[in-house]
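K.L.:
Could you have a look at this structure, given as structure tokens, before my questions?
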């Protein structure tokens with residue numbers, strides 16, 4: 489582990505980051521802000537995988553492999569979401585969640 493920093497401190501920081509992401513996802517009205525909140529949630533889980541793997545199994549790399557997989561999925565999700573947001577902006581000139589509801593009709 490890192491000298492002078494315990495696992496509890498790291499898990500506390502990642503828990504705070506995770507719940508900031510959840511709060512942002514539930515309260516934001518802008519699609520880009522919601523996307524950033526989802527990225528915060530995924531990044532907190534990546535750090536948790538690495539820290540818990542390093543703490544429990546210092547010689548094995550399963551947590552790192554899971555983290556790399558999550559980062560790849562997050563990159564693909566971000567690229568897809570940005571392309572959808574750009575197309576929505578071209579059609580309705582807004583990235584607000586309420587304005588996308590008119591696409592149903």
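Numbering (the working numbering), first residue to last: 489 to 593.
Note that CB positions come from ideal geometry on N, CA and C, so glycine has one too.
#1: I want to know whether the stretch 538-545 touches the stretch 509-529 - three or more CB-CB distances under 8 Å.
#2: Could you work out which residue in 588, 583, 587 is closest to residue 521 when comparing CA atoms only?
#3: Looking at the unbroken alpha helix (DSSP H) that takes in residue 527, where does it start and where does it end?
#4: With a cut-off of 8 Å on the beta carbons, I'd call residue 543 and residue 504 a contact; round off their distance for me.
#5: Let me check one thing: in DSSP terms, what residues is residue 584 bridge-paired to?
#6: Would you call the CB atoms of residue 576 and residue 519 closer than 9 Å?
#7: Hey, would you say residue 506 sits closer than 9 Å to residue 490, going by beta carbons?
#8: Using C-beta distances below 7 Å, list every residue in its chain close to residue 555, excluding the 5 sequence neighbours before and after it, in chain order.
#9: Less than 9 Å between the C-beta atoms of residue 512 and residue 532, yes or no?
#10: How long is the line joining the alpha carbons of residue 561 and residue 502, rounded to whole angstroms?
#11: Given that a residue counts as buried once 16 or more other Cβ atoms are within 10 Å of its Cβ, and exposed if not, what is residue 498?
P.N.:
Taking the structure as given:
#1: no
#2: Within the chain shown, the letter at position 33 stands for residue 521. Closest by alpha carbon: 583.
#3: Counted from its first residue, the chain shown places residue 527 at position 39. Residues 519-544.
#4: Residue 543 sits at position 55 when you count from the first residue of the chain shown. Residue 504 sits at position 16 when you count from the first residue of the chain shown. That pair is no contact at about 19 Å.
#5: One-based indexing of the chain shown puts residue 584 at position 96. The partner list for residue 584 (beta bridge, DSSP) reads 518.
#6: Reading the chain shown from its first residue, position 88 is the one you call residue 576. Reading the chain shown from its first residue, position 31 is the one you call residue 519. Against a cut-off of 9 Å, the Cβ pair of residue 519 and residue 576 comes out as a contact.
#7: Translated into the one-based positions of the chain shown, residue 506 becomes position 18. Translated into the one-based positions of the chain shown, residue 490 becomes position 2. Cβ atoms of residue 506 and residue 490: not closer than 9 Å.
#8: Counting from 1 along the chain shown, the entry for residue 555 is found at position 67. Excluding positions up to five away in sequence, the list reads 534, 537, 538.
#9: In the chain shown, residue 512 corresponds to position 24, counting from 1. In the chain shown, residue 532 corresponds to position 44, counting from 1. No.
#10: Within the chain shown, numbered from 1, the residue matching residue 561 stands at position 73. Within the chain shown, numbered from 1, the residue matching residue 502 stands at position 14. Rounded to whole angstroms, residue 561 to residue 502 spans 19 Å at the Cα level.
#11: Counting from 1 along the chain shown, the entry for residue 498 is found at position 10. Buried, since its Cβ has 16 or more Cβ neighbours within 10 Å.
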